[in-house]
Ligand SMILES: Cc1ncc(COP(=O)(O)O)c(C=O)c1O
């Protein structure tokens, strides 16, 4: 019964890149395999990212590449993973992978995990004896919450599962193990006929969806829970905050009670996979007019225009793959380091305002 449910609700995968980047080399998709006794399989010891690459008139463009790779490095640091990959190397690898794949648009999945030293196997919880592996895969992915979700909005529930507490599993780190919590939230929602679940934090304040941050619109103001509500510091969330400022829509981070969701004028999710997705009902209570709200539509439009390269972004958010590869001169060989373009370099030092700190330590 569970498998049947899953099959109905999977996201369409259109095409998969034939190569995977592994520790500085490109390997064939079929060769990107690990031992079943790897530490990560038993103890969840991985950190990862999800990055979108959009189709633009200038070819494929990776969205906020360095911010994503910086978050990956932060996640690895939290879990004491001394992997030796640098921000430049990871960013260059992503550019090169997309270039070699021939995909015009795709979703990138960098991952660092604890594997198995087959010469000197270690099977305990202690992760230190297990070698670290870093991979990046890519595939062309459909709309995460369904094809119509972007326009029509989705029906969601408040989950009976709470989000992780900051001193049990740090949600600031995008670790594979955190997604066991996400899976509980997601499965409960799907089983009960909803597209997604919203988790509360351990105090009962609104936290986030299983794979998205959440925003509320109330009397013309846009509000989102702070990092202290056990949320992943989402890069799309940060983008939306900056877009709101550009559009002169007041925006704030504030703790939200569950009931605030029901009486909101508009609600929407943000995330790399979900992009900007309106929410039309929560627990079968209609939100606003039960369709995409006016402010959500404005933000969504600006977001998609930026990702298509058709509207200037508040910062240097797009890394154009073809231009980045060309500017390096010789980017074709395996494991070659391609310096990221100047635009993306600048981003690393850009965010100083608390509302735009995607790697912030804490806000309230
Ligand atoms: C739990 C969770 N929250 C929020 C997000 C949104 O983060 P981002 O916009 O960086 O993709 C994601 C997606 O990665 C997520 O898995």
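Residue numbers (my numbering): -11 to 352. By construction, the Cβ of each residue, glycine as well, lies at the ideal position given by its N, Cα and C atoms. None of these values were measured; they are calculated from a predicted model.
As assigned by DSSP and simplified to three states, the class of residue 429: Look at the range of the chain in this structure, -11 to 352, and you will see that residue 429 is not part of it.
DSSP beta-bridge partners of residue 43: In the DSSP output, where bridge partners are listed per residue, residue 43 has 48.
Beta-carbon proximity of residue 265 to residue 81, cut-off 8 Å: The answer is no: Cβ separation not under 8 Å.
Rounded separation between residue 192 and residue 246 - CA only: 7 Å
Rounded separation between residue 301 and residue 226 - CA only: 12 Å
Length of the line joining the Cα atoms of residue 50 and residue 259: 15 Å
Coarse secondary structure for residue 355, derived from DSSP in three states: The requested residue 355 does not occur in the structure, where the chain is confined to residues -11 to 352.
Contact test: residue 78 Cβ vs ligand 1 heavy atom, cutoff 7 Å: no
Spatial distance of residue 121 from residue 4 (CA atoms): Those two C-alpha atoms are separated by around 21 Å.
Three-way DSSP call (helix, strand, coil) for residue 320 in this model: For residue 320, the predicted structure reports a pLDDT of 36, less than 50, and the residue's modelled location is therefore unreliable. The matter cannot be settled from this model.
Check: residue 170 C-beta below 7 Å from any heavy atom of ligand 1: Relative to the non-hydrogen atoms of ligand 1, the Cβ of residue 170 comes within a distance shorter than 7 Å of at least one.
Same chain only: Cβ atoms within 6 Å of residue 57, ignoring 5 sequence neighbours per side: Spatial neighbours of residue 57 in its own chain (CB-CB distance under 6 Å, excluding positions within 5 residues in sequence) are listed in chain order as 75, 78, 79.
Buried versus exposed call for residue 295 [16 or more other C-beta atoms within 10 Å across all chains shown]: buried
Own chain partners of residue 206 with C-beta closer than 7 Å, once the 5 adjacent residues on each side are dropped: 252, 253
Residues that DSSP places opposite residue 102 in a beta bridge: 120
First through last residue of the beta strand (DSSP E) which encompasses residue 7: Residue 7 -> beta strand (DSSP E) spans 7 to 10.
Pairwise C-alpha distance: residue 108 and residue 70: 19 Å
Backbone secondary structure at residue 305 - three-state DSSP: coil
As assigned by DSSP and simplified to three states, the class of residue 93: DSSP places residue 93 in coil when its eight states are reduced to three.
Cα-Cα separation, residue 322 to residue 211: The predicted model places residue 322 with a pLDDT of 31, which falls under 50 and marks its position as unreliable, so this point remains unresolved.
Classification of residue 17 by the beta-carbon crowding that lies within 10 angstroms, buried from 16 upward: exposed
Distance CB(residue 267)-CB(residue 275) smaller than 8 Å: Result yes, Cβ atoms of residue 267 and residue 275 sit closer than 8 Å.
Local Cβ density within 10 Å of residue 317, reported as buried at 16 or more and exposed below that: With a pLDDT of only 42 at residue 317, under 50, the local geometry of the prediction cannot be trusted, and the value read off the model is given with reservation. Under this definition residue 317 is an exposed residue.
Beta carbon nearer than 6 Å to a non-hydrogen atom of ligand 1: Result: 38, 170, 196, 199, 200, 201, 220, 222, 223, 224, 225, 258, 259, 260.
Cβ-Cβ distance between residue 24 and residue 101 below 8 Å: Taking C-beta atoms as the reference points, residue 24 and residue 101 fail to come closer than 8 Å.
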